[in-house]
Amino acid sequence: MSDTPVLKVENLNVEFATFGGAVRAVRGVSYEVYEGKTLAVVGESGCGKSVTVQTIMGLIPCPPGKVTAGSAKLCGRELLTLSKEELNKIRGAEIGMIFQDPMTSLNPTMKIGDQIAETLVVHRGMSRREGLTEARRLLDRTRIPEAAERARQYPFEFSGGMLQRVMIAMSLACKPKLLIADEPTTALDVTIQAQVLELMREIQREDGMSIILITHDLAVVARMADDVAVMYAGEVVESGPVDEIFYRGSHPYTLGLQQAMPDARHDAGRQLDAIPGSPPDLFAPPSGCGYHPRCPHAMQVCTKASPASFEISPGHQASCWLNHADAPRPETAASPVGSAQE
Amino acid sequence: MISYIAKRLLSGLVTVWFIATATFLGMHAVPGDPLLNDKAVTPEVRASLEAAYGLDKPLPQQYVIYLSNMLQGDFGISFTQKNRRVNDIIRDHFPVSAMLGLLALTIAALGGITWGAITALYRDRLPDVLIMLLVVFAVSVPSFVFAALGQLVVLKFNQLIGHSVIPVAGWGTFKHMLMPSLVLGLGTMAYLTRLMRSSMLEVADTDYIRTARAKGLSAPRIFFKHQLRNAILPVITVLGPAIAAITTGGFVVELVFAIPGLGRYFVQAVQQLDYTVIMGTTVFYGAFLVFMVIAVDIIYGFVDPRIRVDKVGA
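The listed protein sequences correspond, in order, to chains A and B.
For the first sequence, our numbering begins at 107 and goes up steadily by one.
For the second sequence, our numbering begins at 64 and goes up steadily by one.
Dropping the structure here:
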């Protein structure tokens, strides 16, 4: 982690103007992605995970969307102020992106091969024929059988898992530095999920690219991530190396997510502890810490002041008042593993 | 694909047979008969005329004669126009109507797609608001008003130039066709514009357009290569019914612009209870429409790969 990050997001704020007022979807998000590493962004639906990456990619519609503050730098180069043309040179070439639902993410009336080749034609100046040859190679690489024939087919002739491989092949066509995967396996069944994740890891090892993996599946995080950023109500509440987050989680929300996850080894038959309630309405985020209305350990200070970021260990931060020197030490916050087994 | 086309053609034939039968029965249910118009008809003359046209035979027998003649492509002789065969009327005048309709359809389709795409591109801005206002106008005003207005515009234009550039009425050259086909296609164009607009907006919000943007494609490339083709699909499906709207609308426009098309004979025949001409033109138009709709469906299969299901071995 010594070198400069491939992507550095700092204090990003995004709002959406709606009829009822501004929705503050992203509130001061910062994270970094390092070369060849995977950052997993986790959190419930509506926590701003997708909005953050779509803002980086310039994919949110403006208006109603608006970046009110912050920066996102790819290898030191600011992305948020680029012109459309400059941004188009980066999208697809230096940052690849794959989406949640592969069945709807490909153009239904265009052949698979052409859709992959298009990226190469636009960014690498290839002819269509060269692009198609390369597309077949990419399909082969993502282990799609009979790539040559498949390249001539349309999306509706593919299964969901195969289409996600196509998406991966397409996003990797120009060997991007960074791959953003927005819940890439949510729409797939479990066995296919494992294959797709394995494929992503393998390509990462070979090409040395970085990955931002958005998910709400902690099993996927454990399998894939080097670093984790936990998001809640448009903020990063805890971030750090994957082992730190899993074994020394220091934010009640992180612990809540872990307890809501089934674990076949330790507690078969245990009732899962869902976090009561749902994420706050971002029209009017709660005062103080965004999590306090649902937090079992909420203190008076939590309702009044936003918690600062506390360093738990090098590279591991948590935004929770419980980590303050003056805070009482509830068992759960100090020893999460113990509490999970209670 | 082959079996699909065969199935469609077969059901088309059944539809045409149904049209033919319904017309036959409907027409015989109307009071009066084609000979009533000739005032001084003595019983003897009447009897001989009825015998000549076969009207003295019982209805089922007439039906059988009518169907078997039609199967051989013979629609019979007109009752009111001396010795003129219905086939000749169709042959002489249908090409005129078809030409007018085809031009109107082309204008409607190209115009509808273009205007629809523009309104979607400028959503909620001035061009959109303006065009959509005109669309409401074009949808609600009947075609005979537009026909008269069109003639007025042509007249004023000619007066402005000083000599007749575009003829106000009549038929013969391409210039004659311009205003009538524009008038004829206007309503359909407006309808297609609305359809295209909503279809474009729907496609703009899809995941695959987001993918295209994430690929770093330029806005024009996304528009033409990804958005347009997918947005046109619903427009193509309504082209079949649009042909029906244009051909039926054509009767009125032909009348106003004094165009010697089939529509005029059709309307005249109904007024004069000219059995053979009514049946001939109705069945002919019916068959034409039915097979145009089938043709559109087949074309759709070529534009949308998802429809071509039973391809090689799949």
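Every residue, glycine too, gets a C-beta built ideally from N, C-alpha and C.
DSSP state of S111/B, grouped into three classes? Note: S111/B maps to helix in three-state DSSP.
Cβ of A172/B within 8 Å of Cβ of L247/B? Contact flag unset, no.
Who pairs with R197/A in a beta bridge, going by DSSP? Answer is I201/A.
Flag this pair as touching only if the segment 224-242 of chain B and the segment 271-284 of chain B have three or more C-beta atom pairs under 8 Å; answer yes or no. With the cut-off at 8 Å, the segment 224-242 of chain B and the segment 271-284 of chain B do not touch.
Please decide whether H289/B counts as near chain A, where near means a Cβ-Cβ distance under 8 Å. Judged by the 8 Å Cβ criterion, H289/B is in contact with chain A.
I want to verify the contact list: residues of chain A whose CB lies under 8 Å from the CB of G279/B, in sequence order. By Cβ distance, chain A contributes L193, N194, K195, I196, R197, G198, A199, T225, V228 and H229.
Report the residue from T256/B, L264/B, R257/B and L218/B whose alpha carbon sits nearest the alpha carbon of M242/B. The option with the nearest alpha carbon to M242/B is L218/B.
If you follow the beta strand (DSSP E) that G313/B is part of, which residue opens it and which one closes it? First-last for G313/B: L302 to V319, but that is the alpha helix (DSSP H), not the beta strand (DSSP E).
Which residues in the same chain have their Cβ closer than 7 Å to the Cβ of R186/B, if we skip the five residues on either side of it in sequence? Take R186/B, set aside five residues on each side of it, and the residues of its chain with a beta-carbon closer than 7 Å to its own are L264, in chain order.
For a contact meaning CB atoms closer than 8 Å, what does N293/B contact in chain A? Within 8 Å Cβ-Cβ: N213, P214 and T215.
Which residues in chain B sit within 9 Å of L165/A, going by Cβ to Cβ distance? Correct list: R273, R276 and A277.
What's the gap between the Cα of N132/B and the Cα of G175/B? Approximately 42 Å between the Cα atoms of the pair.
Limits of the unbroken alpha helix (DSSP H) element including I131/B: The identity of residue 131/B in the sequence shown is Ser, whereas the question assumes Ile. Residues L122 to L134.
Out of K179/A, A325/A and E289/A, which one is the CA nearest neighbour of Q365/A? Selected option, being the one with the closest Cα: A325/A.
Using a Cβ-Cβ cut-off of less than 9 Å, list which residues of the segment 297-330 of chain B approach chain A; keep chain order. Per Cβ criterion, the list is empty.
Reducing DSSP to helix, strand and coil, say where A83/B ends up. Taken through DSSP and simplified to helix, strand or coil, A83/B comes out as helix.
DSSP three-state call for V147/B: helix, strand or coil? Strictly speaking, residue 147/B in this sequence is Arg, with Val absent from that position. In this structure, R147/B counts as coil in the three-state DSSP scheme.
Would you mind sorting P442/A into buried or exposed? The rule is 16 or more other CB atoms within 10 Å of its CB. Only weak support exists for where P442/A lies, its pLDDT of 44 falling under 50; the value from the coordinates is given anyway. The residue in question, P442/A, is buried, as its Cβ has 16 or more Cβ neighbours within 10 Å.
For a test of the three-state rule: what should DSSP assign to L258/B, helix, strand or coil? Three-state DSSP puts L258/B in a helix.
Can you confirm whether R188/B, when its beta carbon is compared against all beta carbons of chain A, has any partner nearer than 8 Å? Closer than 8 Å: no.
Same chain, Cβ closer than 8 Å to L305/A, five either side skipped, listed in chain order: Excluding residues within five positions, the ones whose Cβ falls inside 8 Å are T248, R249, R271 and I274.
For E138/A, list the residues DSSP reports as bridge partners. In the DSSP output, where bridge partners are listed per residue, E138/A has K114/A.
May I ask which residues mark the beginning and end of the alpha helix (DSSP H) holding G176/A? From DSSP, G176/A is part of no alpha helix (DSSP H) but of the beta strand (DSSP E) over G171 to L180.
So, is V127/B buried or exposed, given that buried needs 16 or more other C-beta atoms within 10 angstroms? Under this definition V127/B is an exposed residue.
Tell me where the beta strand (DSSP E) around S345/A begins and ends. Taken as a continuous stretch (DSSP letters only), the beta strand (DSSP E) holding S345/A covers E341 to P347.
Counting along the chain, where does the beta strand (DSSP E) carrying Q423/A start and finish? H422 to A424 is the extent of the beta strand (DSSP E) around Q423/A.
Taking C-beta pairs closer than 9 Å, name the residues in chain A that D367/B reaches, listed in chain order. Chain A residues near D367/B: P214 and T215.
Start-end ranges of the alpha helix (DSSP H) lying completely within the segment 303-341 of chain A, minimum 4 residues: DSSP runs (the alpha helix (DSSP H)) wholly in the segment 303-341 of chain A: 324-330.
With a cut-off of 8 Å, do at least 3 Cβ pairs link the segment 386-394 of chain A to the segment 316-331 of chain A? The answer is no - the segment 316-331 of chain A does not touch the segment 386-394 of chain A, with fewer than three Cβ pairs under 8 Å.
Taking the Cβ atom as the reference point for each residue, do H53/A and P347/A lie within a distance shorter than 8 Å? Given a span of 107 to 448 for chain A in the structure shown, any question on residue 53/A remains unanswerable.
Determine, using beta carbons only, whether E317/B and S160/B come nearer to each other than 8 Å. Yes; because the gap between Cβ atoms is below 8 Å, this pair is in contact.
Decide if M64/B is buried, meaning its Cβ has at least 16 other Cβ atoms within 10 Å, or exposed. Exposed is the call here.
Within the same chain, show all residues whose beta-carbon is closer than 6 Å to that of A377/B, passing over the 5 residues directly before and after it, in chain order. With a pLDDT of 34 at A377/B, under the threshold of 50, the modelled position of that residue is not reliable, and no figure is offered here.
Once you ignore the five residues that flank C280/A on each side, which residues in its own chain have a CB closer than 8 Å to its CB? Apart from sequence neighbours up to five positions away, the residues of its chain that approach C280/A with a beta-carbon distance below 8 Å are G198, A199, E200, G202, T225, L226, H229 and R230, ordered along the chain.
So the candidates are I140/B, Y328/B and Y254/B; which of them puts its Cα closest to the Cα of L112/B? For the residues I140/B, Y328/B and Y254/B, the minimum Cα distance to L112/B belongs to I140/B.
Decide if E448/A is buried, meaning its Cβ has at least 16 other Cβ atoms within 10 Å, or exposed. Residue placement at E448/A is poorly supported in this model, since its pLDDT is 33, which falls under 50; the coordinates still yield a value, given next. Around the beta carbon of E448/A, fewer than 16 other beta carbons sit within 10 angstroms, so the residue counts as exposed.
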